[in-house]
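So the structure is just underneath, and the comments pick up after that.
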Amino acid sequence: MKRPILLHPDPRLKKVADPVSDLTDDLRTLADDMLATMYDAPGIGLAAPQVGVLSRLIVLDCVKEEGAAPRPLAMFNPEVVAVSDEISVYEEGCLSIPEFYADVERPAEVTVRWIDPDGAEQQETFAGLWATCVQHEIDHLNGKLFIDYLKPLRRQLITRKMVKLKKERAREKA
Amino acid sequence: MSDLRLRFHPDPILRKVCAPLADFGTDLQDLAQAMLKVMYDAPGRGLAGPQIGLTQRIFVMDATWKDGDPAPLICINPVVDWASEDTVPGQEGCLSIPDTPCLVRRPKAIRLRWQDAKGTGHEAAMDGTTARIALHELDHLDGILCIDRHEGATA
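Just so you know, the sequences run in chain order A and B.
The first sequence finishes on residue 178 if you use the numbering used here, and the numbering steps up by one all the way, no holes.
The second sequence finishes on residue 317 if you use the numbering used here, and the numbering steps up by one all the way, no holes.
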């Protein structure tokens with residue numbers, strides 16, 4: 005079931021999310037809902053705070069090739085355990101900040117450890133778009149958005165425009 | 163995270179009539195640059211908003227970069243002021259419909275009016291490939307694809 009995505013600025017997007025201590029069916033359902041929401045948007049990653057749940061859960065699927073098999077991943081308590089010295093730049097966007105894109109520098113490769121929906125510990129080293137996306141999503145769990153990497157003036161401009169967009173959307177709904 | 167991924171036919175967004183863009187800011191410059199990057203990477207010579215999921219009247223094009231002479235153009239709220247009565251058939255491809263060349267008859271020459279990413283107005287006469295690409299992209303903003311105009315005649 006799709007869930008509504010919170011739009012920046014929203015205080016819930018600035019909070020540090022709580023670790024998942026008990027992997028309940030509710031949380032597994034949340035992961036499925038988040039994947040459905042992400043694919044529908046469409047996006048390549050989504051973090052639980054973006055649907056208003058302050059738990060350390062992210063989902064992602066960065067398979068881009070048309071016709072290639074999807075690879076949906078749900079990560080509970082994801083943790084970056086190693087990063088490369090090499091940096092890559094990618095034009096990032098965020099489902100909570102629609103229509104804004106900006107270059108963000110991040111480590112080109114990251115090793116991430118997480119708990120999968122079956123409760124098993126997983127570890128994998130990601131590169132390319134996967135590396136960018138997993139870092140972008142883990143940032144969400146720490147209340148950090150990609151625009152926080154931009155210069156303050158630019159960030160304020162985007163935030164002002166988002167306030168306006170949210171007002172417009174609220175009016176449309178009314 | 164979202165990114166500017168190409169949309170493929172029959173994605174319904176390719177059938178939407180796009181809304182005029184009114185709000186010009188630094189983000190439009192960025193968006194246009196991002197669209198050009200997607201277009202060059204594809205590689206293509208034109209890319210319209212709906213092809214990256216944006217239902218607003220913006221397209222980018224570069225008719226000559228494949229010949230080693232880049233001339234990027236950012237067209238916002240484009241309008242055809244005049245089109246020649248003379249039409250000419252030509253082969254077209256679309257990034258959203260891979261491996262499907264179409265034969266489309268279009269005006270030989272046009273006069274196009276548009277705004278750039280800063281909102282400044284421009285006007286230019288176009289012919290040949292440039293006119294064809296501009297008209298193909300403009301069609302996208304009205305939900306029209308080259309397969310709709312395909313003549314099916316001998317190429």
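Don't be surprised by glycine CBs; every beta carbon is placed ideally from N, CA and C.
Pick from the options that is closest to residue i, judged by C-alpha positions
{"i": "E141(A)", "options": "S59(A), R7(A) and I162(A)", "result": "S59(A)"}
{"i": "D243(B)", "options": "L297(B), K280(B) and M163(B)", "result": "L297(B)"}
{"i": "Q253(B)", "options": "R177(B), E247(B), R268(B) and P232(B)", "result": "R268(B)"}
{"i": "V266(B)", "options": "G255(B), I295(B), L198(B) and H312(B)", "result": "H312(B)"}
{"i": "S88(A)", "options": "A135(A), D29(A), P82(A) and F150(A)", "result": "A135(A)"}
{"i": "L190(B)", "options": "E90(A), P46(A), F104(A) and G97(A)", "result": "F104(A)"}
{"i": "K199(B)", "options": "P182(B), D229(B) and L168(B)", "result": "L168(B)"}
{"i": "R275(B)", "options": "A293(B), C264(B) and T262(B)", "result": "A293(B)"}
{"i": "G47(A)", "options": "L64(A), G56(A) and D37(A)", "result": "L64(A)"}
{"i": "M38(A)", "options": "S25(A), V55(A) and V84(A)", "result": "V55(A)"}
{"i": "A279(B)", "options": "V250(B), L183(B) and P172(B)", "result": "L183(B)"}
Segment limits, alpha helix (DSSP H) that includes residue i
{"i": "T136(A)", "result": "G132 to L145"}
{"i": "T163(A)", "result": "P156 to K177"}
{"i": "T28(A)", "result": "Neither: T28(A) is in no alpha helix (DSSP H) and is coded neither H nor E."}
Exposed unless 16 or more other CB atoms sit within 10 angstroms - verdict on residue i
{"i": "P53(A)", "result": "buried"}
{"i": "T282(B)", "result": "exposed"}
{"i": "T316(B)", "result": "For T316(B), the pLDDT reaches just 45, beneath the cut-off of 50, and the residue's location in the model is therefore unreliable, leaving the point undetermined."}
{"i": "P82(A)", "result": "buried"}
{"i": "R175(A)", "result": "exposed"}
{"i": "M5(A)", "result": "exposed"}
{"i": "V222(B)", "result": "buried"}
{"i": "Q127(A)", "result": "exposed"}
{"i": "Q160(A)", "result": "exposed"}
Spatial neighbours of residue i in its chain, beta-carbon cut-off 6 angstroms, leaving aside the 5 residues before and after
{"i": "C180(B)", "result": "G211, T217, Q218, R219 and L303"}
{"i": "T93(A)", "result": "A small correction: the amino acid at residue 93(A) is Val; Thr does not occupy that position in the sequence shown. Excluding positions up to five away in sequence, the list reads D107 and E109."}
{"i": "S246(B)", "result": "P269, K270 and A271"}
Cβ distance (whole Å) where residue i is taken to contact residue j below 8 angstroms
{"i": "Q213(B)", "j": "N239(B)", "result": "Actually they do not touch by this definition, with Cβ atoms about 17 angstroms apart."}
{"i": "F80(A)", "j": "L34(A)", "result": "That belief does not hold up - the Cβ atoms of F80(A) and L34(A) are roughly 10 angstroms apart, past 8 angstroms."}
{"i": "L307(B)", "j": "C256(B)", "result": "6 angstroms"}
{"i": "A78(A)", "j": "L99(A)", "result": "That pair is no contact at about 16 angstroms."}
{"i": "E113(A)", "j": "E90(A)", "result": "7 angstroms"}
Extent of the continuous beta strand (DSSP E) run through residue i
{"i": "T226(B)", "result": "Looking at the DSSP string, T226(B) is not in any beta strand (DSSP E), and its letter there is neither H nor E."}
{"i": "Q272(B)", "result": "Before going further, note that residue 272(B) is Ile rather than Gln in the sequence given. Element bounds for I272(B): A271 to Q277."}
{"i": "C98(A)", "result": "I91 to C98"}
{"i": "A51(A)", "result": "G49 to A51"}
{"i": "C308(B)", "result": "Counting along the chain, C308(B) falls outside any beta strand (DSSP E), though it belongs to the alpha helix (DSSP H) covering C308 to R311."}
{"i": "E83(A)", "result": "L77 to V87"}
{"i": "D243(B)", "result": "L235 to A245"}
Own chain partners of residue i with C-beta closer than 8 angstroms, once the 5 adjacent residues on each side are dropped
{"i": "N146(A)", "result": "V20 and A21"}
{"i": "P121(A)", "result": "L27, R32, A35, A78 and F80"}
{"i": "A73(A)", "result": "V67"}
Contact set for residue i: own chain, Cβ-Cβ below 7 angstroms, skip 5 residues either direction
{"i": "D150(B)", "result": "Look at the range of chain B in this structure, 163 to 317, and you will see that residue 150(B) is not part of it."}
{"i": "C137(A)", "result": "I48, G49, L64 and C66"}
Contact test: residue i Cβ vs the ligand PLP heavy atom, cutoff 7 angstroms
{"i": "M197(B)", "result": "The ligand PLP is absent from the structure shown, which contains no ligands of any kind."}
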